[in-house]
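Protein chains in written order, with full-length UniProt numbering: chain F, 1 to 333; chain Z, 1 to 333.
Number of protein chains: 2
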Amino acid sequence: MPAADAALLAQVTCGDAVPRRRAIAKTITLLESTRADHRARADDLLNALLPHTGRSFRLGISGVPGVGKSTFIEALGLHLIGLGHRVAVLAIDPSSSVSGGSILGDKTRMERLSVHESAYIRPSPSSGTLGGVAERTRESLLVCEAAGYDIVIVETVGVGQSETAVAGMTDMFVLMQLPNAGDDLQAIKKGVMELADLVVINKADIDEAAATRARAQITSALRLFGLHGHQPHDDTVWHPKVLQLSALKSHGVDAFWQTVSEYRDLQTRTGRLAQRRRGQDEAWMWERVDAGLKARFRSHPAVREHLPALRDDVRQGTVAASVAARRLLDLFH
Amino acid sequence: MPAADAALLAQVTCGDAVPRRRAIAKTITLLESTRADHRARADDLLNALLPHTGRSFRLGISGVPGVGKSTFIEALGLHLIGLGHRVAVLAIDPSSSVSGGSILGDKTRMERLSVHESAYIRPSPSSGTLGGVAERTRESLLVCEAAGYDIVIVETVGVGQSETAVAGMTDMFVLMQLPNAGDDLQAIKKGVMELADLVVINKADIDEAAATRARAQITSALRLFGLHGHQPHDDTVWHPKVLQLSALKSHGVDAFWQTVSEYRDLQTRTGRLAQRRRGQDEAWMWERVDAGLKARFRSHPAVREHLPALRDDVRQGTVAASVAARRLLDLFH
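Okay, here's the thing in structure tokens:
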């Protein structure tokens, strides 16, 4: 490892506050680089950081734009810092590569949290596929853990498949909902409700009757899903819960953290937290292998040369799709 | 092309009834073979059959075991033969590779249809992954079209991802439901409701009140999904419908076919049927490429040699998942 990287490693894992913060940013920038030599250095650095990772609680938070994620995460972050925690906030915004900038990137969204010395906020990587953005976020999460942040929050907007990516890199997945009927159906439809370990109905103070209705609907939906997995009275298994809160008024933030802590204790005690992480790591390895295979295939000279004509043949119905696939695979080898 | 295959081709596309039926079975058997020389012959045969394909209507039908698919397909098939059609029925049963035999394989399920000279029934291929089973079914569908069956029905049980595979190879996807609340929620949850161009509530005569409730729920769910795609009053766009019927009593079969015909007319007139097929062909090509890449990767000697140790490293947290993925990809090349 080059001396500069060894110094970076030392600063991330045990530096003083200010150089440490700068070292985290530098490391993440290196991880996000697409240059091959940077990538090789980043891989070495990542492996060297690994023994220092894994000691945080990883909390995923998802919700559609306008649900109040930033307000909630700021309130939660300040609450946690008050309890003595150090909090990192990362984001996955799959739209950022389209818009050229992250809609979650504005640190001023979390004005008080972002200037706190016990907090570290990093916006979404702003280029690449969802898989690439998720990979860089996942690696940033490891850097934050190695730097001693003991709560890492990964947030995402409810568009595309980013919820699955976030649920796949966190210990607990929280879905934020507005007190609207229909909102739940969308979440069920998209398969996001199924991922949720906890559903939070924000802005519950605005229309209490609607919030109560939404809560009943979500509870019954969660129960129905649960029926296919577990016994309803098995208390060694976490049953997803529904909470109401008002992030703006900071109502319900302590109850939220209480529930998260119950979940964490149960999952730790039963070994399911460690099991979930092992499964995530292996799934992640395969996800990256698949993405890499696709990228290599599509950039292969012989494939690139013959693909347009073969695709036209398939579209015009002169070559069967499966035959075209076999020909392309033969060209690749 | 060998003389035997040329003869097969001629028999499939313009033989007399009995040798034609035998030629179809022989061709499909060749397509299902895993021998490399068979596969090469099958590819040539498939491409030669292609100009004779595409003239049928491809109807996908899905539903959980017990919903009454066989009874319905028999009633529908006999109805269609009465109207002068020739009907082929294929099946995708992803569980057949586990159980060693297709639960849909029993031709006696459709006693009257299976012996009719205007019908051809083929059970699910009984080995391989869902992707492999779907590929062989998709190719069998082309053979049936080349043999002049002008309605091809592809049925599947509502387990696993087989519904997506069937919707991806048919012109219209029909979901059969029982008049149960909860049944719809499961379909919404699994993302199957979204695929449906038509939802059929079978056994509606047993509990009319429940069927009416289910119909209202499904209608409102379909409307909510539709809101995100199309204008509700755009009549150049198909809006998924819900029908009640009783397959056992053959009630509603003619209304069902009437609705299917309206759909087919609209999709043909607007060009969406041709567009859907082109999209399916291309998606299928890529699906097969991806599956082939994965298979080649996993059977690559260097990958096989190093995978177990690297996977252990990832599980034990000594190598980062993304680093392990990059190493495996480098071994592959």
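Glycine included, every Cβ here is placed at the ideal spot set by N, Cα and C.
Within 8 Å of the CB of Val67 (chain F), no CB atom of chain Z is found; the nearest one sits about 17 Å away. If you draw a straight line from the Cα of Pro123 (chain Z) to the Cα of Asp150 (chain F), it is about 56 Å long.
Judged by beta-carbon spacing, Val12 (chain F) lies within the 9 Å limit of Val143 (chain F), meaning their Cβ atoms are closer than that value. Of the candidates Z:Arg269, Z:Arg278, Z:Asp205 and Z:Ile218, Z:Arg269 places its Cα closest to the Cα of Asp235 (chain Z). Interface annotation for the region 40-63 of chain F against chain Z: Asp43, Leu46, Asn47, Leu50 and Gly54, criterion Cβ-Cβ distance under 7 Å. Considering only F:His333, F:Arg215 and F:Gly82, the residue with the shortest C-alpha distance to Asp254 (chain F) is F:Gly82. The beta-carbon of Met285 (chain F) is placed less than 9 Å from the nearest beta-carbon of chain Z.
For Ile28 (chain Z), no chain F residue has a Cβ inside 8 Å of its Cβ, as the nearest lies near 14 Å away. By the criterion of at least three beta-carbon pairs nearer than 8 Å, the region 290-303 of chain Z is not in contact with the region 28-45 of chain F. Fewer than three Cβ pairs drawn from the region 13-22 of chain Z and the region 311-325 of chain Z lie within less than 8 Å of each other, which leaves the two stretches out of contact. Three or more pairs of CB atoms, one per stretch, sit closer than 8 Å, so the region 268-285 of chain F contacts the region 163-177 of chain F. Going by DSSP, Thr34 (chain Z) is part of no alpha helix (DSSP H) at all; its letter is neither H nor E.
Judged by beta-carbon spacing, Asn202 (chain F) lies beyond the 9 Å limit of Gly60 (chain F), meaning their Cβ atoms are not closer than that value.
Identification of chain F residues near Ala325 (chain Z) by a Cβ-Cβ cut-off of 7 Å yields Met285, Arg288, Val289 and Gly292, ordered along the chain. At least 9 Å separates the CB of Ala302 (chain F) from every CB of chain Z.
Annotated three-state conformation of His300 (chain Z) is coil, per DSSP. Judged by DSSP in its simplified three-state form, Thr259 (chain F) adopts helix. Around Thr318 (chain F), the beta-carbon contacts reaching into chain Z at under 9 Å are Asn47, Leu50 and Pro51.
The beta carbons of Val200 (chain Z) and Met176 (chain Z) sit about 5 Å from each other, so the pair counts as a contact at 8 Å. Within the DSSP bridge table, the entry for Val200 (chain F) names F:Met176 and F:Leu243 as partners. Counting of Cβ neighbours within 10 angstroms places Gln267 (chain F) among the buried residues, the total reaching 16 or more. In this structure, the straight-line span from the alpha carbon of Ala7 (chain F) to that of Ala25 (chain F) is close to 14 Å. Assignment of beta strand (DSSP E) within the region 10-97 of chain F, counting only whole runs of 3 or more residues, yields 57-63 and 87-92 in chain order. Taking C-beta atoms as the reference points, Leu293 (chain F) and Leu293 (chain Z) count as a pair closer than 9 Å. Val314 (chain F) reaches chain Z at Arg278, Asp281, Glu282, Trp284 and Met285, counting residues in chain order whose Cβ is nearer than 9 Å. Contact between the region 38-45 of chain F and the region 124-136 of chain F is absent, with fewer than three C-beta pairs closer than 8 Å. For Arg296 (chain Z), the closest Cβ of chain F is nearer than 9 Å. Scanning Z:Gly15, Z:Phe57 and Z:Arg326 for the CA closest to the CA of Ala291 (chain F) turns up Z:Arg326.
Among the CB atoms of chain Z, none fall inside 9 Å of the CB of Leu9 (chain F). Between the region 241-254 of chain Z and the region 63-73 of chain Z, the count of Cβ pairs shorter than 8 Å is three or higher; the stretches touch. Note that the C-beta distance between Gly148 (chain Z) and Val192 (chain Z) is not below 9 Å.
For Ala321 (chain F), the enclosing alpha helix (DSSP H) stretches over residues Ala321 to Phe332. Around the beta carbon of Gln258 (chain F), fewer than 16 other beta carbons sit within 10 angstroms, so the residue counts as exposed. By the neighbour-count definition (other C-beta atoms within 10 Å, threshold 16), Gly271 (chain Z) is an exposed residue. With a beta-carbon spacing of about 36 Å, Leu141 (chain Z) and Arg213 (chain Z) fall beyond the 8 Å limit used to define contacts.
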